[in-house]
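Student: All residue numbers for the sequence shown refer to the numbering used here, where the first residue is 6 and numbers rise by one.
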Amino acid sequence: MANTWVVCIDGTWNSPGQTDTDPVDHQESVTKTNVQISWEALTQCDLNSASPYGAIEPLAGQAGAAIYLNGVGSSGSEKWRNFEGSTGTGTSERIIDAYQFLAQRWQPGDAIFGFGFSRGAFAVRSLMGFIHCVGLPEHRRILGSTELLSLYESYRKNKVPANAPGMQPAAIHFLGVWDTVGALAFGDGFNDYHQLSPGNIQICCQALALDEQRKQFLPEYFKASNATQQINQVWFAGVHSNIGGGYVDTNLSDITLCWLLNSAKQAGLKLDVSQLPGFYAQSPEGEIRQSYQEFWNTMPDIGKWVEKFGWLKVARTIEPGQKIHCSVIQAMQQGYKPAAKTAEGITFSSLELEPWGFNDV
Numbered sequence: 006m007a008n009t010w011v012v013c014i015d016g017t018w019n020s021p022g023q024t025d026t027d028p029v030d031h032q033e034s035v036t037k038t039n040v041q042i043s044w045e046a047l048t049q050c051d052l053n054s055a056s057p058y059g060a061i062e063p064l065a066g067q068a069g070a071a072i073y074l075n076g077v078g079s080s081g082s083e084k085w086r087n088f089e090g091s092t093g094t095g096t097s098e099r100i101i102d103a104y105q106f107l108a109q110r111w112q113p114g115d116a117i118f119g120f121g122f123s124r125g126a127f128a129v130r131s132l133m134g135f136i137h138c139v140g141l142p143e144h145r146r147i148l149g150s151t152e153l154l155s156l157y158e159s160y161r162k163n164k165v166p167a168n169a170p171g172m173q174p175a176a177i178h179f180l181g182v183w184d185t186v187g188a189l190a191f192g193d194g195f196n197d198y199h200q201l202s203p204g205n206i207q208i209c210c211q212a213l214a215l216d217e218q219r220k221q222f223l224p225e226y227f228k229a230s231n232a233t234q235q236i237n238q239v240w241f242a243g244v245h246s247n248i249g250g251g252y253v254d255t256n257l258s259d260i261t262l263c264w265l266l267n268s269a270k271q272a273g274l275k276l277d278v279s280q281l282p283g284f285y286a287q288s289p290e291g292e293i294r295q296s297y298q299e300f301w302n303t304m305p306d307i308g309k310w311v312e313k314f315g316w317l318k319v320a321r322t323i324e325p326g327q328k329i330h331c332s333v334i335q336a337m338q339q340g341y342k343p344a345a346k347t348a349e350g351i352t353f354s355s356l357e358l359e360p361w362g363f364n365d366v
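#1: Taking Cβ to Cβ, would you say Ile61 is nearer than 8 Å to Phe106?
#2: Quick check on DSSP: helix, strand or coil for Trp361?
#3: With a threshold of 16 other CB atoms inside 10 Å of the CB of Lys37, please say whether the residue is buried or exposed.
#4: By a C-beta neighbour count over all protein chains shown, 10 Å radius and 16 as the cutoff for buried, is Arg294 buried or exposed?
#5: Between the alpha carbons of Arg146 and Val12, how many angstroms are there, rounded?
#6: Pairing CB atoms from the region 264-280 with CB atoms from the region 40-54, are three or more of them under 8 Å?
#7: Using a Cβ-Cβ cut-off of 7 Å (strictly less than) and excluding sequence neighbours within five positions of Pro325, which residues of its own chain qualify?
#8: Can you tell me the Cα-Cα spacing of Phe122 and Ser258, whole angstroms?
#9: Using only CA atoms, which one of Leu223, Phe363, Asp216, Gln67 lies nearest to Phe118?
#10: Given a threshold of 16 other Cβ atoms within 10 Å of its Cβ, counted over all protein chains shown, does Gly134 qualify as buried or as exposed?
#11: Is the region 99-116 in contact with the region 68-76, if contact means three or more CB pairs nearer than 8 Å?
#12: Using DSSP's beta-bridge definition, name the partner residues of His10.
#13: Excluding the 5 residues flanking Ile177 on each side, which residues of the same chain have their C-beta closer than 6 Å to its C-beta?
#14: In terms of DSSP beta bridges, what is Asp254 paired with?
#15: Would you say Ala126 and Asp184 are within 8 Å of each other, going by their C-beta atoms?
#16: Contact between the region 325-337 and the region 231-241 is defined here as three or more beta-carbon pairs at a separation below 8 Å; is this criterion met?
#17: To the nearest angstrom, how far is the alpha carbon of Phe363 from that of Asn267?
#18: What do you get for Thr151, buried or exposed, if any count of 16 or more other CB atoms within 10 angstroms of its CB means buried?
#19: Determine the contact status of Phe241 and Cys263, defining contact as a CB-CB distance below 8 Å.
#20: Classify Arg219 as helix, strand or coil using the three-state DSSP reduction.
#21: Name the one or two DSSP bridge partners that Thr352 has.
#22: Check whether the region 242-255 and the region 211-219 are in contact - that is, three or more C-beta pairs closer than 8 Å.
#23: Quick check on the burial criterion: 16 or more other C-beta atoms within 10 angstroms. Buried or exposed for Ala128?
#24: Would Pro28 and Pro57 qualify as a contact pair, given that the criterion is a beta-carbon distance under 8 Å?
#25: Going by C-alpha distance, which of Thr261, His199, Leu223, Val253 is nearest Gln211?
#26: Is Ala103 helix, strand or coil when you go by DSSP?
#27: Suppose contacts are defined by Cβ-Cβ distances below 8 Å. Is Glu225 in contact with Val186 by that definition?
#28: I need the DSSP call for Gly81, collapsed to helix, strand or coil.
#29: Quick check on the DSSP output: the beta strand (DSSP E) that includes Gly181 runs from which residue to which?
#30: Out of curiosity, what's the CA-to-CA distance linking Ala71 and Trp10?
#31: Would you report the Cα separation of Pro142 and Ser155, rounded to the nearest angstrom?
#32: Output needed for Tyr341: all residues of its chain with C-beta closer than 7 Å, excluding positions within five of it in sequence on either side, in chain order.
#33: Looking at the structure shown, is Val239 part of a helix, part of a strand, or coil, going by DSSP?
#34: Could you please give the first and the last residue of the uninterrupted alpha helix (DSSP H) stretch that includes Thr151?
#35: Exposed or buried, which one is Pro289 when buried takes at least 16 other CB atoms within 10 Å?
#36: Which residues does DSSP pair with Ser34 in a beta bridge?
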């Protein structure tokens, strides 16, 4: 019987047990991202906030297992968390550890699914690019650290390893991500090797944030690598974490959660979408947070000047072929105005609408 293997990589500073403070009543509450909720829905297990990195449990609905990797900047000392989260350091570690998870389990005929948010979306997409470059072991096995690092170095240099016997191509059945961002430290080409739209992915779905305006959070779009790929990139109301989850108010992130997991279900992943949080109460009236102001308020000495002059603030651009979720139109009818702009030659009214799509649930 074929198995299904699922990789879930969370966003920057995101980890089980994280908290968010409501900007209205200033109450602090434990929150979950859509990546954590997805892993828990697929395994019917709760993540332990004390040791979330690399949690592996069997899938509840079909043969296989899922791994959860918390986000960069979510462990260690405060200084290390800030450094890791600000630079993206730790991304390669997550790619390699997720690859090891698959190398130990995957065999021809098995299905691979991936989910990620923010830099975790970047990491899971690059993981699939890593697999596209070097393949997976023909016979499942634990790879030694030397072999793993050698394979990753081949990926980094964009060279298929000539002396890696027993490796073979592996297709990625489905990749679903919430608002990929990929700003990493050490620029000038150091990180250009990451393949974010590899041709081995059969179905790609991405939920995008209409109202995120932080320049450091510009999205990474999927680009078709071949004519057979199915790519569906859909815009939703909200800023970055309204899309990927982690705020106290989950109205907007519930919409993207249900949409993306329903897309995965239609691709063959076994789960009951109707049991997801907020499924029966999805509303486009959720609070859109002021992520630009909140981010710079954490650095008051320079933040007040950045905000005053609108530095490092940029509206996102909706590209041809991308869609708008119908919940956005409902919100616009109630006075909502998206911050994103359309690319030259297209208008909001000309964009294709993505339906709720729950008729078969």
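All C-beta atoms, glycine included, are put in the ideal place defined by N, C-alpha and C. All of these numbers come straight from a predicted model, not from anything done at the bench.
Tutor: In terms of the structure at hand:
#1: By one-based count along the sequence shown, residue 61 stands at place 56. By one-based count along the sequence shown, residue 106 stands at place 101. Taking 8 Å as the Cβ cut-off, Ile61 and Phe106 qualify as a contacting pair.
#2: By 1-based counting over the sequence shown, the position of residue 361 is 356. Correct three-state label for Trp361: coil.
#3: Stepping through the sequence shown from its first residue, residue 37 is reached at position 32. Buried, since its Cβ has 16 or more Cβ neighbours within 10 Å.
#4: Translated into positions along the sequence shown, residue 294 becomes position 289. Answer is buried; the Cβ neighbour count reaches 16.
#5: As a working note, residue 146 is residue 141 in the sequence shown. As a working note, residue 12 is residue 7 in the sequence shown. Approximately 17 Å between the Cα atoms of the pair.
#6: yes
#7: In the sequence shown, the residue the question calls residue 325 occupies position 320. So the list reads Ala348, Ile351, once near-sequence residues are dropped.
#8: In the sequence shown, counting from the first residue as 1, residue 122 sits at position 117. In the sequence shown, counting from the first residue as 1, residue 258 sits at position 253. Straight-line Cα distance between these residues: approximately 12 Å.
#9: In the sequence shown, residue 118 corresponds to position 113, counting from 1. Nearest C-alpha to Phe118: Gln67.
#10: For the purposes of this step, residue 134 is taken as residue 129 along the sequence shown, with counting starting at 1. Buried.
#11: yes
#12: By 1-based counting over the sequence shown, the position of residue 10 is 5. Sequence check: residue 10 is Trp here, not His. In the DSSP output, where bridge partners are listed per residue, Trp10 has Ala70, Ile117.
#13: In the sequence shown, residue 177 corresponds to position 172, counting from 1. Ile117, Met133, Asn205, Ile206, listed in sequence order.
#14: Working through the sequence shown from its first residue, we reach residue 254 at position 249. Asp254 is not bridged to any residue.
#15: The sequence position of residue 126 within the sequence shown is 121, counting from 1. The sequence position of residue 184 within the sequence shown is 179, counting from 1. The answer is yes: Cβ separation under 8 Å.
#16: yes
#17: Here residue 363 corresponds to residue number 358 of the sequence shown, with the count starting at 1. Here residue 267 corresponds to residue number 262 of the sequence shown, with the count starting at 1. Their Cα atoms are separated by approximately 8 Å.
#18: As a working mapping, residue 151 is identified with position 146 in the sequence shown. Thr151 comes out exposed.
#19: On the sequence shown, residue 241 is found 236 positions in, with the first residue counted as 1. On the sequence shown, residue 263 is found 258 positions in, with the first residue counted as 1. For Phe241 and Cys263, no; Cβs fall outside 8 Å.
#20: For the purposes of this step, residue 219 is identified with residue 214 of the sequence shown, where counting begins at 1. Arg219: strand per DSSP, three-state reduction.
#21: Counting from one through the sequence shown, the residue named residue 352 turns up at place 347. Paired residues: none, contrary to the question.
#22: yes
#23: In the sequence shown, the residue the question calls residue 128 occupies position 123. So Ala128 counts as buried.
#24: Within the sequence shown, the letter at position 23 stands for residue 28. Within the sequence shown, the letter at position 52 stands for residue 57. No, these two residues do not count as a Cβ contact at 8 Å.
#25: Within the sequence shown, numbered from 1, the residue matching residue 211 stands at position 206. Comparing Cα positions, the closest option is Thr261.
#26: As a position in the sequence shown, residue 103 is number 98, starting the count at 1. Correct three-state label for Ala103: helix.
#27: Working through the sequence shown from its first residue, we reach residue 225 at position 220. Working through the sequence shown from its first residue, we reach residue 186 at position 181. Yes, Cβ-Cβ distance for Glu225 and Val186 is below 8 Å.
#28: On the sequence shown, residue 81 is found 76 positions in, with the first residue counted as 1. Its pLDDT being 48, under 50, Gly81 is placed unreliably in this model, and the value from its coordinates should be taken loosely. In this structure, Gly81 counts as coil in the three-state DSSP scheme.
#29: On the sequence shown, residue 181 is found 176 positions in, with the first residue counted as 1. From DSSP, the beta strand (DSSP E) with Gly181 extends over 177-183.
#30: Mapped onto the sequence shown, residue 71 falls at position 66. Mapped onto the sequence shown, residue 10 falls at position 5. Roughly 6 Å between the two C-alpha positions.
#31: If you number the sequence shown from 1, residue 142 lands on position 137. If you number the sequence shown from 1, residue 155 lands on position 150. Each residue's alpha carbon lies about 14 Å from the other.
#32: By 1-based counting over the sequence shown, the position of residue 341 is 336. Closer than 7 Å at the Cβ level, and outside the excluded window around Tyr341, lie Ala242.
#33: In the sequence shown, counting from the first residue as 1, residue 239 sits at position 234. Of the three classes helix, strand and coil, the one that applies to Val239 here is strand, per DSSP.
#34: To locate residue 151, count along the sequence shown from 1; it is residue 146. Start and end: 150-161.
#35: One-based indexing of the sequence shown puts residue 289 at position 284. Burial call: buried.
#36: The count along the sequence shown starts at 1 and reaches residue 34 at position 29. In the DSSP output, where bridge partners are listed per residue, Ser34 has Asp25.
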